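Remarks on the structure that follows.
In our numbering, the protein residues as written are 1241 to 1388.
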């Protein structure tokens, strides 16, 4: 695999990221949602292989040193190559550098691959939110990583 490079997401990345959203998620974020998010206290990164965005992930940062991971997405062309793990590891390093000590996320209960990845990184299941997701309606598992 060619070298994987991480960069802070900027407005120029949004068309490619928006396309990944449409490919991977039943309720994709809009261009406007990404633009607004980039103007808030967030950490959004892209993973690039050459000129291609292989994936992206992001996190809202809250006062009190807590973060909330929003989406983690890897292009179907680049899946099963460890990019998701490497991207999350990089995001956690950036969060640690900002003094964030606790991170939460939500994941579909049927998404066994993502749950396994999060558990390998150290996230723990801390509860279920009934009917959190739509299209299809599904419960969400709440996971937390303490003292990153």
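By construction, the Cβ of each residue, glycine as well, lies at the ideal position given by its N, Cα and C atoms. Small disclaimer: the values here were computed from a predicted structure and weren't measured.
Query                                                                                                                                                             : Result
Rank 1358, 1275, 1314 by C-alpha distance to the C-alpha of residue 1255 and give the top, closest one.                                                           : 1275
Mind listing, in chain order, the continuous alpha helix (DSSP H) runs of no fewer than 4 residues lying wholly within the stretch 1261-1336?                     : 1271-1278
Nearest by alpha-carbon distance to residue 1319: which of 1367, 1354, 1280 is it?                                                                                : 1354
So the beta strand (DSSP E) residue 1344 belongs to, where does it begin and stop?                                                                                : 1342-1348
Answer with buried or exposed for residue 1299, where buried requires no fewer than 16 other C-beta atoms within 10 angstroms of its C-beta.                      : buried
Decide if residue 1265 is buried, meaning its Cβ has at least 16 other Cβ atoms within 10 Å, or exposed.                                                          : exposed
Using C-beta distances below 6 Å, list every residue in its chain close to residue 1257, excluding the 5 sequence neighbours before and after it, in chain order. : 1296
Does the Cβ of residue 1251 have 16 or more other Cβ atoms within 10 Å, making it buried, or fewer, making it exposed?                                            : exposed
Looking only at C-alpha atoms, which of 1372, 1381, 1370 sits nearest to residue 1364?                                                                            : 1381
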